[in-house]
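**Student:**
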Amino acid sequence: MANPFGELVDDEQLEGMSRYFGKPKTQEDRAREALRVQTGVAHEEARRYLDGLKEFHGSGTSTLCMIYNATGETLYYVDDHDWYGYLGRTPYPTQIGNGQWVSFLHDHTTRGTSGSEAAVIYRGKQKDGFTRDFVLSWSTPYGPWNKNKAYCEMSPPGKSASWDGLYDRTNNSDYNNKVDRDGMIVKVSTATGSSPVFNALLTIPELSGPKLIMHGFRTKDGD
């Protein structure tokens with residue numbers, strides 16, 4: 001099974017719940033129920049798929065990326081950029097439904113020593129209904145002397161800063177990063193090691209109590 005993982009949490013699903021039956025449904029309602037199932041079977045399936053991608057690509061520096069959408073709306077792929085490395089066997093998913101996980105692997109260049117560093121942009125709606133671009137970026141440098149980084153930001157549609165500026169902000173970040181404004185929260189995390197898991201959660205502020213799954217796994221072979 002490939003991306004996305006998990007059942008779509010939409011108005012139809014909410015209608016089957018006593019809490020929402022026969023009532024108007026809101027973005028906040030859909031986001032709330034998406035957070036409730038964040039750690040369920042879909043997360044496990046997305047992680048197993050990611051482990052399979054890593055096994056296919058083999059040892060070496062890479063970033064195992066997982067994104068969870070709990071915004072109450074669909075996220076749409078906009079753009080991406082590679083500074084070092086390339087996207088592996090799976091393309092960036094074009095859509096991420098509310099309550100769904102996606103996973104993909106960003107690998108080092110074959111026979112290269114440059115590591116994995118890239119960004120992807122998804123577009124969705126914040127709580128007030130305005131559209132925003134959500135930028136997610138990661139840095140997994142080659143070699144043990146450099147620290148892995150995770151970074152995120154949001155902007156009006158098509159108004160994201162230059163890739164050069166984003167590169168600098170990514171490399172000045174840390175293992176964890178968060179942006180909380182305009183009715184939206186984006187959280188990202190990475191971990192130590194040459195093949196860390198990069199996690200991203202997108203949701204709305206009042207519902208962000210459930211913690212972001214921030215496991216930073218090393219692969220079985222230690223990479």
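In terms of the UniProt record's numbering, the sequence shown opens at residue 1 and continues consecutively.
For every residue, glycine included, the Cβ atom is placed at its ideal position computed from N, Cα and C.
Here the structure is a predicted model, which is why all the values come from computation and not from measurement.
Note the first and the last residue of the continuous alpha helix (DSSP H) segment covering residue 83.
**Tutor:** Not the alpha helix (DSSP H): residue 83 falls in the beta strand (DSSP E), residues 75-84.
**Student:** Quick check on the DSSP output: the alpha helix (DSSP H) that includes residue 44 runs from which residue to which?
**Tutor:** Where residue 44 is concerned, the enclosing alpha helix (DSSP H) starts and stops at 41-57.
**Student:** Pair every Cβ in the segment 23-35 with every Cβ in the segment 102-120, then say whether three or more of these pairs are closer than 8 Å.
**Tutor:** Counting Cβ pairs under 8 Å, fewer than three are found: no touch.
**Student:** Is residue 189 near the ligand COA, judged by its Cβ being under 7 Å from some heavy atom?
**Tutor:** This structure lacks the ligand COA; in fact it carries no ligand of any kind.
**Student:** With DSSP as the reference, label residue 225 as helix, strand or coil.
**Tutor:** It is not possible to answer for residue 225, since the shown part of the chain is limited to 1 through 223.
**Student:** Taking its Cβ as the centre, do 16 or more other Cβ atoms sit within 10 Å of residue 146, making it buried, or is it exposed?
**Tutor:** exposed
**Student:** Pop quiz: residue 123 and residue 75 are said to be a contact at Cβ under 8 Å. What is the actual Cβ separation, rounded to whole angstroms?
**Tutor:** 7 Å
**Student:** Just verifying my parser: in three-state terms, what is the DSSP assignment at residue 13?
**Tutor:** helix
**Student:** Taking residue 124 as part of the beta strand (DSSP E), name the residues at either end of that continuous run.
**Tutor:** 116-125
**Student:** CB-CB under 6 Å to residue 170, same chain, minus the five flanking residues each way: which ones, in chain order?
**Tutor:** 137, 139, 149 and 151
**Student:** Going by beta carbon distance, what residues of the same chain come within less than 8 Å of residue 5, once the five residues before and after it are set aside?
**Tutor:** 42, 43, 45, 46, 49, 100, 101, 102 and 103
**Student:** Please report the distance separating the alpha-carbon of residue 12 from that of residue 32.
**Tutor:** 15 Å
**Student:** Using the C-alpha atoms, what's the distance from residue 179 back to residue 92?
**Tutor:** 22 Å
**Student:** Out of curiosity, what's the CA-to-CA distance linking residue 203 and residue 185?
**Tutor:** 5 Å
**Student:** What does the Cβ neighbour count give for residue 55, buried or exposed, with the cut at 16 atoms within 10 Å?
**Tutor:** exposed
**Student:** For residue 107, which residues does DSSP report across the bridge?
**Tutor:** 62 and 86, per the DSSP bridge assignment.
**Student:** Under 8 Å, do residue 68 and residue 201 count as touching if we go by C-beta distance?
**Tutor:** Taking 8 Å as the cut-off, the Cβ atoms of residue 68 and residue 201 count as close.
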